Each structure stands twice: as C-alpha cells, then as structure tokens.
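Residue numbers for the sequence shown follow the working numbering, so the first one is 81 and each next one is one higher. Here's the structure, in structure tokens; my notes come after.
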Amino acid sequence: MFVGYLRNNFEEELSSIIESDKLFDLELLKQTYEVYPQYCFAAYDEGKIVGVISAYDFNKHVFINVINVLDTHKEVLTRFIKLLVQNVSSMNIYVLVEDKLSTYFTAFKFQEHSKFLRYMHSGEAVAFNFSNSTAKQVSGEDYANISREIDRKVFLDDREEYIKKDCVFSNSLKLSTTSGFMHSYVVNKRYIRISPWLMQNESYLDAEKLLRGVLYYRGLKKIFAFVPKDIKEISELYESYKFRKDANFTLLYLGEKPQIKLENLYAI
C-alpha cells in the first residue's frame with residue numbers, strides 16, 4: 081500500500097469510498113485539490129484509493145475538510161494525520177470528525193473544541209408558507225457583502241476567498257437576508273449539504289426564512305448539516321422542520337484554539 085499525495089484524475093480510483101459512504105463529498109475534494117493539492121493525501125491499495133484526506137488553508141488556521149478511510153484500513157488515518165501535521169503551513173489545525181475517530185486525532189494532541197450533531201432531513205414534505213414576498217427577502221441579492229461581513233465576525237479569520245469561490249459549486253444555492261446567509265450544494269443525486277450557514281445575533285426569524293427557502297427550493301431531496309450540539313435555539317429550529325439527529329461529531333483542534341462564535345453558526 082502506498083500513502084502519499086493524491087494523484088490527478090482520482091475519481092475512478094475513489095469508487096470503493098464513494099460506494100461505502102453515501103455522504104462522501106467528492107465535489108468538495110475536487111475543489112480543494114484545485115486550490116491546495118499539497119494538502120490532499122490518499123492511500124492506494126492495488127490501484128484503488130482506500131483512504132483520503134484534504135485540508136484548506138485559512139489565514140489563521142488550516143481546516144481538514146474531507147476525511148474518509150475504509151473500515152478495513154482505519155490504521156491509515158494515523159499516517160494521514162502525521163503527513164498533514166508535517167506538511168501544513170500552520171500548526172493551528174482544526175477538524176470536524178465523527179466521535180468514533182476522535183482518538184486517532186487526540187493521539188496527536190488534538191483537543192476538543194465543541195460537540196456537533198449531524199442533522200438529516202428525510203425529504204418528507206413539511207407544511208409551511210413560502211410566499212413571493214418571502215422569496216424576495218431571501219433572494220441573496222447582497223449575498224457577497226453579507227457573507228463577507230458575518231463570516232469574519234463568526235470565525236475571526238480571513239475566509240473570504242473560500243466563501244466567495246472555493247466552497248461554491250455549479251449547483252450552489254445562495255440565500256441571504258440582511259442578518260444572515262446560507263449556502264447549500266448537491267453532494268450527489270440524493271443528498272444536499274447546507275454549508276456554511278451563519279447568522280447575526282438574535283436573528284431567529286430570518287434563520288427560519290432561510291431554512292424554509294432551502295427546503296422549498298431543494299424539493300424533496302435529503303438535506304444534512306453539521307450543527308453545534310449545545311446551542312438550543314439552533315437545534316430546535318432544525319427539529320421543528322423535521323430534521324433528525326443522525327450522528328455525533330466533535331470539533332477538534334491542534335495549536336491555537338479557533339475562536340468560533342457557535343451561537344451564530346447554524347451549519348459549519
């Protein structure tokens with residue numbers, strides 16, 4: 081088995097991982113590889129990729145944004161973490177990882193920042209009004225300015241290029257109001273991911289409009305999002321629209337602790 085940099089034209093080699101994980105974020109991996117190929121690594125076994133990891137470099141921190149290893153090759157994760165720590169430009173790293181994988185990172189002295197939940201909407205119809213007036217209010221006309229302003233307040237980091245270009249796809253849906261913005265995109269034929277979704281303080285009504293918007297425009301596809309566990313107002317909003325808790329995650333960090341304002345973070 082070879083563990084090293086992710087090679088060009090990797091989609092076909094990822095077939096085993098894509099088949100094993102219905103939520104594997106192939107488009108995000110492709111986009112990250114375009115921008116930071118030096119932070120994309122893979123494990124190859126007989127011509128197939130059995131594990132992959134990628135990271136995006138912000139101004140203050142490096143964020144591990146894609147991580148997937150086949151159950152039969154979990155030991156590869158240790159080698160991935162070692163490669164990243166040795167190669168990234170900053171020793172300030174954070175990652176959102178399913179709880180069952182946390183120990184691989186804590187072995188490298190990663191610490192817990194906060195708990196997250198993955199919420200999943202089944203695609204079942206939800207009764208709510210979505211008028212032409214509401215559609216205009218969330219139309220995203222000022223998305224660029226709103227997202228730039230709020231993202232800086234929530235993450236205290238320079239993520240403008242990421243928000244403007246590197247997390248945007250051909251199938252992106254951008255919604256915004258004067259007090260928040262929501263981005264969602266197609267992961268595959270069945271699933272939509274909300275990421276990112278940020279709001280100003282005390283903007284519950286606008287947040288509800290944005291959630292109604294993504295449910296309305298995305299039809300009856302399954303929608304998922306990663307949500308801070310301990311912010312009651314945010315969890316209650318998701319659950320009121322028939323989102324269900326799907327899995328437990330932990331935000332871990334190495335080096336400087338990210339100063340993320342979780343109360344404004346509706347989806348990471």
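Note that beta-carbon positions come from the ideal geometry of N, C-alpha and C, so glycine has one too. Quantities reported herein were computed from a predicted structural model and do not represent experimental measurements.
E107 and N212 have their C-alpha atoms some 32 angstroms from each other. Around the beta-carbon of T330, 16 or more other beta-carbon atoms lie within 10 Å, marking it buried.
In the displayed model, E155 falls within coil according to three-state DSSP, outside both helix and strand.
Excluding five sequence positions before and after N145, the CB atoms of its chain that fall closer than 7 angstroms to its own CB belong to L108, T112, S134, A135 and Y136, given in chain order. Going by beta carbons, S170 and V132 fall outside the 7 angstroms limit. Excluding its 5 nearest sequence neighbours in each direction, E313 has C-beta neighbours in its own chain below 7 angstroms: Y284, listed in chain order. Uninterrupted beta strand (DSSP E) stretches at least 3 residues long and entirely within the segment 142-196 occur at 142-149 and 173-178, given in chain order. The beta-carbon separation of V294 and L253, rounded to 7 angstroms, stays under the 8 angstroms limit for a contact.
Unbroken alpha helix (DSSP H) runs of no fewer than 4 residues, entirely contained in the segment 275-329, are found at 284-297 and 312-320, following chain order. The beta carbons of F90 and I147 sit about 15 angstroms from each other, so the pair does not count as a contact at 8 angstroms. Rounded to whole angstroms, F190 and F160 show a C-alpha spacing of 14 angstroms.
The DSSP assignment places complete beta strand (DSSP E) segments of no fewer than 3 residues inside the segment 194-282 at 253-257, 260-266 and 271-279, in order along the chain. Each residue's CA atom was taken as its position, placing L300 and G127 some 37 angstroms apart.
When the Cα atoms are used, S259 and F208 turn out to be separated by approximately 21 angstroms. Counting the other Cβ atoms within 10 Å of the Cβ of S250 gives fewer than 16, which makes it exposed. When secondary structure is reduced to three states using DSSP, L103 falls in the coil class, being assigned neither helix nor strand.
Measuring C-alpha to C-alpha distances from Y271 to each of V234, F138, F304 and Q339 identifies F304 as the nearest. Only residues of its own chain outside the window of five on either side were considered, and among them K254, L255, S256 and F261 have a CB closer than 8 angstroms to the CB of Y223, listed in chain order. The residues V307, K309 and K325, in chain order, have a CB closer than 6 angstroms to that of L197 in the same chain once the five nearest residues on each side in sequence are set aside.
A straight-line Cα-Cα distance of about 16 angstroms links F185 and F121. Of the residues D125, I98, H201 and E93, the one whose Cα lies closest to the Cα of M81 is D125.
Per the C-alpha coordinates, the member of K102, K269, L94 and L86 positioned closest to Y119 is L86. For K128, the enclosing beta strand (DSSP E) stretches over residues K128 to D137.
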